[in-house]
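See structure below.
Number of protein chains: 2
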Amino acid sequence: MSLDQHATKPHEALAVWLAPALTAVDTLIRDRMASEHAPRIPEVTAHLIEAGGKRLRPMLTLAAAEMCGYTGDDHVKLAATVEFIHTATLLHDDVVDESHQRRGRPTANLLWDNKSSVLVGDYLFARAFQLMVEPGSLRVLDILANASAVIAEGEVLQLTTAQNLATSEAIYLQVIRGKTAALFSAATESGAVIAGADEATVRALFDYGDALGIAFQIADDLLDYQGDAKTTGKNVGDDFRERKVTLPVIRAVAAADATERAFWGRVIEKGEQGEGDLDHAMALFARHGALATTRQTALDWAARARAALAPLPDHPLKTILSDLADYVVARLR
Amino acid sequence: MSLDQHATKPHEALAVWLAPALTAVDTLIRDRMASEHAPRIPEVTAHLIEAGGKRLRPMLTLAAAEMCGYTGDDHVKLAATVEFIHTATLLHDDVVDESHQRRGRPTANLLWDNKSSVLVGDYLFARAFQLMVEPGSLRVLDILANASAVIAEGEVLQLTTAQNLATSEAIYLQVIRGKTAALFSAATESGAVIAGADEATVRALFDYGDALGIAFQIADDLLDYQGDAKTTGKNVGDDFRERKVTLPVIRAVAAADATERAFWGRVIEKGEQGEGDLDHAMALFARHGALATTRQTALDWAARARAALAPLPDHPLKTILSDLADYVVARLR
């Protein structure tokens, strides 16, 4: 296979390398989201699954398994499992956040209703669960069960820490592990386990997924304040308006004097926001270097992801995964 | 153990017989619904779990295992699993139905918010999943995974058949299998499997749970039209006002002339309901014997549940389970 790495983004390179398995994943997903009597299920699911997601999580499972020399096809089932879990959480997230747009399209809760999003999400969780039982690996089931609990606990934690300026960096880390990193690390770890990799390799691929997911989510939270709506699909300041306590806010609040603390209390805790408040928040970020240190933290986690892979034997997929860690933070200024 | 069967209701007799295991289930549930950082989780869960539910589903698992001679403690984990799945579905149901009361208390979506009900429900599903992996039985996992899918598909199906007078008895049966019977039969089947019972016994206990659940749900749907709010906790006609197409309506519509068909179209499909419409519906039920034949169908399913148990060896729990099948339809007139 010839692969011009300079011209190709890492997730595109992954898609090329993993093309046969990824096609099998897509076929399996279409097959398993069908429902003879409840056509609402494939309608809602297709709306989301075919909306141009990058299939990043299933590719992580496939890549981990294939770089460990796996030649069977159970990794396809696990990859589809991971995508179903991801899609189910998106459906429920959009209900919880009362979102109206995702990936540039209206959300399912808007097109159908909250009921459909809740119940179809539950259906996808159940289908994920059926799929992950099929390979017959209790260890993989343990990994995915634990990841599901971390994800759900992180979501509830996020609900109760929202608008709370006392949120610590440790709690923020737990929230983003639940929101993003737990599924990334379960994806890579379960790929290694199904391939029968040794313990050091399983651990390395878990650590890679965990660090990659954390870097990815910190970058996402930072881009909410400095991104471009055209490339991120989000408007600058969405998190600010929704009073989310992400890392830039935590850093700015930690460095705040009494006047600044009062400002954060008003806009985030009380939710009293007016014209100019987002600009003032940006000025406070600049004064305390909150965006710059947040970027550095994201870069540090990306470096940890690369370091986790370093001891593994050379493999083209190892190179692409390492590039992927750089790529998720490369969009940051 | 002395047990005066004439003075004790079957679910109370089950609770007495299974007391040590049931105490272990309660302890395990309290332990596993804890969350160090997200106190909202045990708050919401305790509100529902401690609200005086009868623990019917976990008792079915314990009873099936113990009457098959099981002496280990994995059945306690499966019983807690089943109660967690049940509680999670109640949380999501109350969001979907926009309910304000359950078991005579305000619902979680009213006390907290829909977000908490959705996410805490997800957390309970994840905890259920962790618990069911622990006994290490792939066959039990398969049973519970399949039941989860039937439950979720039934819920979505109910959503899309609501207000649809074309709903057939076959579709109605699929909905109530998802809503109620799938978890009953998974409870009894998984209890038999964990006990290492032979195939005929596993099948008999599955069939018992399935028929019991169907009898239970048909009875519930019938009581919506003839129950007493004091004993059922529901107001007569709730399903009518919510335009649900349950068995009495299906039977009345099947026997309707053109005028009656127009009435059903107006009140159920169009949702145009006024004073006297519920009384008129009751008169149509009486004209066509719709409540009487619905009651007979519930009795038939209760008889099927008893018949499923018949080939099993004598055991005090077998007698109580058989009585339970009578009991769920005994409230019907």
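First to last, the sequence lines map onto chains A and B. So the number in our numbering is just where the residue sits in the first sequence, counting from 1, plus 52. So the number in our numbering is just where the residue sits in the second sequence, counting from 1, plus 52. Glycine included, C-beta positions come from ideal geometry on N, C-alpha and C.
Taking 8 Å as the CB-CB cut-off, is residue i touching chain B?
| i | result |
| --- | --- |
| GLN269/A | no |
| GLN182/A | yes |
| LYS167/A | yes |
| ASP130/A | The amino acid occupying residue 130/A in the given sequence is Leu; Asp does not appear at that position. By this cut-off, LEU130/A is not an interface position. |
| ALA217/A | The sequence shown places Leu at residue 217/A, rather than the Ala named in the question. Chain B contact via Cβ: absent. |
| THR212/A | yes |
| SER54/A | Summary for SER54/A: the model assigns pLDDT 41, below 50, so the residue's position carries little reliability, and this model does not support an answer. |
| ALA178/A | yes |
| LEU225/A | no |
| VAL208/A | yes |
| ILE93/A | yes |
So residue i and residue j are in contact, right, with Cβ under 8 Å, and what is the actual spacing, rounded?
| i | j | result |
| --- | --- | --- |
| SER242/A | LEU130/A | 5 Å |
| THR349/A | LEU299/A | 7 Å |
| SER169/B | ASP146/B | 6 Å |
| ASP259/B | ALA360/B | 4 Å |
| THR139/B | LEU176/B | 6 Å |
| PHE236/A | LEU336/A | Between LEU336/A and PHE236/A the Cβ distance is about 31 Å, and since that is not below 8 Å, they are no contact. |
| LYS296/A | MET119/A | Incorrect: roughly 36 Å between the Cβ atoms, too far for contact. |
| ALA333/A | PHE292/A | 6 Å |
| SER200/A | ALA178/B | 4 Å |
| ILE228/A | ILE266/A | 6 Å |
| LEU171/A | LEU211/B | 6 Å |
| ALA197/B | GLN182/A | 4 Å |
Please decide whether residue i counts as near chain A, where near means a Cβ-Cβ distance under 8 Å.
| i | result |
| --- | --- |
| GLN57/B | Only weak support exists for where GLN57/B lies, its pLDDT of 45 falling under 50; the value from the coordinates is given anyway. So, not an interface residue. |
| TYR175/B | yes |
| GLU294/B | no |
| GLU205/B | yes |
| ASP366/B | no |
| VAL185/B | yes |
| VAL245/B | no |
| VAL170/B | yes |
Residue i by DSSP, collapsed to three states: which one?
| i | result |
| --- | --- |
| PRO62/B | helix |
| SER54/A | Note that SER54/A scores 41 on pLDDT, short of 50, meaning its location in the model is unreliable; the coordinates nonetheless yield the value given after this. Coil. |
| PRO363/A | coil |
| PRO91/A | coil |
| ARG157/B | strand |
| THR141/B | helix |
| PRO187/A | coil |
| PRO151/B | Correcting the residue type first, residue 151/B is Ser in the shown sequence and not Pro. If DSSP states are grouped into helix, strand and coil, SER151/B belongs with coil. |
| LEU384/A | coil |
| ASP325/A | Strictly speaking, residue 325/A in this sequence is Gln, with Asp absent from that position. Residue state, collapsed to three classes: coil. |
| GLN215/A | coil |
| ASN287/B | coil |
| TYR224/B | helix |
| ASP250/A | coil |
| TRP79/A | For the record, residue 79/A in the displayed sequence is Thr; it is not Trp. In this structure, THR79/A counts as helix in the three-state DSSP scheme. |
| MET85/B | coil |
| TYR122/A | coil |
| ARG107/B | coil |
| LEU70/B | coil |
| ASP276/A | helix |
| ARG303/B | helix |
| ALA180/A | helix |
Looking at the C-beta of residue i, does it have a partner C-beta in chain C at a distance below 8 Å?
| i | result |
| --- | --- |
| PRO62/A | The structure shown contains no chain C; its protein chains are A and B. |
Against chain B: residues of the stretch 189–201 of chain A by CB proximity under 7 Å:
LEU190, LEU193, ASP194, ALA197, ASN198, SER200 and ALA201
Interface positions of the stretch 130–154 of chain A facing chain B (Cβ-Cβ less than 7 Å), listed along the chain:
HIS144, VAL147 and VAL148
Under 7 Å, CB to CB, which of the residues in the stretch 327–345 of chain B have a partner in chain A?
none
Three or more beta-carbon pairs under 8 Å between the stretch 310–330 of chain A and the stretch 259–273 of chain A, yes or no?
no
I'd like to know if the stretch 119–139 of chain A and the stretch 71–90 of chain A are in contact, where contact means that at least 3 CB-CB pairs between them fall below 8 Å.
yes
Can we say the stretch 202–212 of chain A touches the stretch 186–193 of chain B, given the rule of at least three CB pairs closer than 8 Å?
Contact between the stretch 202–212 of chain A and the stretch 186–193 of chain B is absent, because fewer than three Cβ pairs lie under 8 Å.
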